[in-house]
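Have a look at the structure below, then the notes.
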Amino acid sequence: MEETVDVLVIGGGNAALCAALSAREAGANVLLLEAAPRAWRGGNSAHIRNIRCMHDAPQDVLVEAYPEEEFWQDLLKVTGGLTDEKLARIAIRASATCRPWLARHGARFQPSLTGALHTARTNAFFLGGGKAMLNAYYRSAQHLGVRVRYEAPVERIEMQEGRFVAAWVRDERIAARACVLAAGGFESNREWLREAWGRNQWGEYPADNFLIRGTRFNTGALLAFMLDIGADRVGDPSQSHMVAIDARAPLYDGGICTRIDCVSLGIVVNRDAERFYDEGEDFWPKRYAIWGRLVAAQRGQIAHSIIDAKAVGKFMPPVFPGVRADTLPDLARGLGLDEARLVDAVEQFNAACRTGTFNHTMLDDCRTEGLSPPKTHWARPIDTPPFFGYTVRPGVTFTYLGLKTGEDSAVRFGGVPSDNLFVGGEMMAGNVLGKGYTAGVGMTIGTAFGRIAGARAAAAALGRGMKKEHGDVAA
């Protein structure tokens, strides 16, 4: 006889676990389906290290204050206004109260890491990173009686008149009274990325040179199915959380340690040894996520971050050492760049630097003058050997095309919310992130809407109504 569970959660990362734990706490019996093997469980959440949190006063691991309006303005700036303010503010407000709930399920926090620039006030770091956080959540889920199945990919579901009926894992049908979709985007589907990005002006397919810094299991199969059956969509398929990562990183699962964080402390040049953007435009956590797309727009989708000895020790070192040289011509040869072009680019930059008081912890007055593109902050001559260079490529974390939702986290069909099908995490992050990114906000969105989706799914499954306000879930 076929079993019917109360709440089925499809996915295995932060949002899925927040949904599963919330639904179980509300009294529902819960089954979670994770596509990956146990060793690779957790999706992109295995690679995270912090969550962006609103707070009105200093807390245990957060200094000063980071009020709602400042968080909102930061998000508004990085998205260029492509965000749903109502949903964004739900996530922001939820971030003020989520940490005690996360701690109750085993998550532990620590202060901002040395070299993680400008995050001590805004971001709470997980002790042990994303893997430790996930392990804690899975232990809590097991303790509470949430059942988990691994290597259980869902590529199609059954719907009847806008209501969820069942999901299929290969040839097995699993029925449920309510369901939460939290299976991630399509970033590891290279064919879909190629289609979304198309050809550039040089006849290249840029996506062919992208690396996937997150999980290999986010193929977007369930997302594609949902869009095909008429679920309302949100987001541009070419938009994503994309950063500049070491070109030597593996194709999948390179994670945070492959990110190159010295961009704001030097210059970045393309394959022709030409600068192409302001490296010091704003604090790194608000700008690191634009650099993947900037590199993707360069010919060959490759660039080189150049620093000198003065920058060493002022940023989080990546997993691979950079190319080191005592002269700029030697550095150019090591990076495969034209020697004369690189020397000329550095000399032009050095000549344009204006003396100021260098301080990489604030928006200082070290800038260039008469240079295009300018460098607005942290501009110091690159003149102190040894010199270092890091070759970078675009690294995709997660895609923004997703399912449109509202404050109830319900999936919409023709503008009508489903009574028992909900969505959380990367599958709906495009409602808040139309473009751009700021450090830790993906975890903020996933945690807030994962919890809302889980609570709503439990209420739907158990026949309970929910108040319009979200209480502790999104207060």
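All letters in the sequence shown, in the order written, are residues 52 to 526 by the numbering used here.
All residues carry an ideal CB built from backbone N, CA and C; glycine is no exception.
Proximity test, Cβ basis, 8 Å: residue i and chain C
{"i": "A347", "result": "This model lacks chain C altogether; it includes just one protein chain."}
For residue j and residue i, believed in contact at Cβ under 8 Å, the rounded distance
{"i": "M293", "j": "A340", "result": "7 Å"}
{"i": "D329", "j": "Y441", "result": "Their Cβ separation, rounded to whole angstroms, is 18 Å, which puts D329 and Y441 out of contact at 8 Å."}
{"i": "Y451", "j": "S291", "result": "6 Å"}
{"i": "G343", "j": "R322", "result": "Their Cβ separation, rounded to whole angstroms, is 16 Å, which puts G343 and R322 out of contact at 8 Å."}
{"i": "D135", "j": "V483", "result": "6 Å"}
{"i": "Q349", "j": "F334", "result": "So it is not a contact: roughly 23 Å between Cβ atoms."}
{"i": "I141", "j": "A508", "result": "Going by Cβ atoms, the distance from I141 to A508 rounds to 17 Å, so no, they are not a contact pair."}
{"i": "V467", "j": "L232", "result": "Rounded, the Cβ-Cβ distance is 17 Å, inconsistent with contact."}
{"i": "E477", "j": "F449", "result": "5 Å"}
{"i": "R375", "j": "P425", "result": "At roughly 28 Å, the Cβ-Cβ gap does not stay under 8 Å, so R375 and P425 are not in contact."}
{"i": "P336", "j": "T170", "result": "6 Å"}
{"i": "A282", "j": "R463", "result": "7 Å"}
Residue i - containing alpha helix (DSSP H), residue span
{"i": "I496", "result": "492-513"}
{"i": "S73", "result": "65-76"}
{"i": "L273", "result": "272-279"}
{"i": "F122", "result": "119-130"}
{"i": "R338", "result": "335-338"}
{"i": "A247", "result": "241-248"}
{"i": "L472", "result": "Premise fails: L472 lies in the beta strand (DSSP E), 467-474, not in any alpha helix (DSSP H)."}
{"i": "I141", "result": "136-146"}
{"i": "L133", "result": "No alpha helix (DSSP H) holds L133; DSSP gives it neither H nor E."}
{"i": "A347", "result": "342-347"}
Where residue i falls: helix, strand or coil (DSSP)
{"i": "F176", "result": "strand"}
{"i": "D389", "result": "coil"}
{"i": "R444", "result": "strand"}
{"i": "R431", "result": "coil"}
{"i": "F449", "result": "strand"}
{"i": "L153", "result": "helix"}
{"i": "N186", "result": "helix"}
{"i": "V394", "result": "helix"}
{"i": "A526", "result": "In this predicted model, A526 has a pLDDT of only 31, less than 50, meaning its place in the structure is not dependable; the value taken from the coordinates is given anyway. DSSP places A526 in coil when its eight states are reduced to three."}
{"i": "S460", "result": "coil"}
{"i": "I357", "result": "strand"}
{"i": "T419", "result": "strand"}
{"i": "S163", "result": "coil"}
{"i": "A376", "result": "strand"}
{"i": "A116", "result": "coil"}
{"i": "H521", "result": "Low confidence applies to H521: its pLDDT is 44, below 50, so where it sits in the model is not reliable enough to give any reading."}
{"i": "L302", "result": "coil"}
{"i": "C308", "result": "helix"}
{"i": "S289", "result": "coil"}
Beta-carbon proximity list for residue i, same chain, < 6 Å, skipping 5 on both sides
{"i": "G181", "result": "S96, A97, H98, I99"}
{"i": "A324", "result": "L388, D389, R392, L393, A396"}
{"i": "P204", "result": "A86"}
{"i": "A512", "result": "D57, V58, A79, R228, A229"}
{"i": "R310", "result": "V294, I296"}
{"i": "D312", "result": "F366, M367"}
{"i": "N471", "result": "R214, F215, A229, A511"}
{"i": "W219", "result": "R207"}
{"i": "H428", "result": "G331, L414, D415"}
{"i": "F268", "result": "A86, A87"}
{"i": "L68", "result": "Y188"}
{"i": "I357", "result": "G317, I318, G440"}
{"i": "L345", "result": "Y328"}
{"i": "A247", "result": "P288, S289"}
Bridge-paired residues (DSSP) for residue i
{"i": "A218", "result": "I208, I225"}
{"i": "R322", "result": "R322 pairs with nothing; no bridge assigned."}
{"i": "D297", "result": "V443"}
{"i": "V81", "result": "V58"}
{"i": "F371", "result": "DSSP output for F371 lists no bridge partner at all."}
{"i": "R384", "result": "Note: R384 sits in no beta bridge, so no partner."}
{"i": "F438", "result": "A376"}
{"i": "L232", "result": "I61, V474"}
{"i": "S96", "result": "DSSP lists no partner for S96."}
{"i": "C404", "result": "T419"}
Chain-order list of residues whose beta-carbon lies under 7 Å from that of residue i (same chain, five-residue window excluded)
{"i": "V492", "result": "R103, L126"}
{"i": "A108", "result": "A116"}
{"i": "A71", "result": "V60, V81, L83, A192, V197, G505"}
{"i": "T130", "result": "L484, G485, K486, G487"}
{"i": "L302", "result": "L262, I263"}
{"i": "E520", "result": "Only weak support is given to the placement of E520: the predicted model assigns it a pLDDT of 43, under 50, and the value that follows is read from those uncertain coordinates. Counting only Cβ-Cβ distances below 7 Å, and skipping sequence neighbours, we find nothing."}
{"i": "R190", "result": "G157"}
Close beta carbons around residue i, own chain, < 8 Å, minus the five adjacent residues each side
{"i": "M105", "result": "Y117, P118, E119, F122, I143, R144, S146, A147"}
{"i": "G514", "result": "none"}
{"i": "C308", "result": "P369, V370"}
heavy atom of the ligand ADP below 7 Å from residue i C-beta
{"i": "E119", "result": "The ligand ADP is not part of the structure shown, which contains no ligands of any sort."}
Residue range of the unbroken beta strand (DSSP E) whose run includes residue i
{"i": "R350", "result": "Looking at the DSSP string, R350 is not in any beta strand (DSSP E), and its letter there is neither H nor E."}
{"i": "R200", "result": "198-200"}
{"i": "R103", "result": "101-103"}
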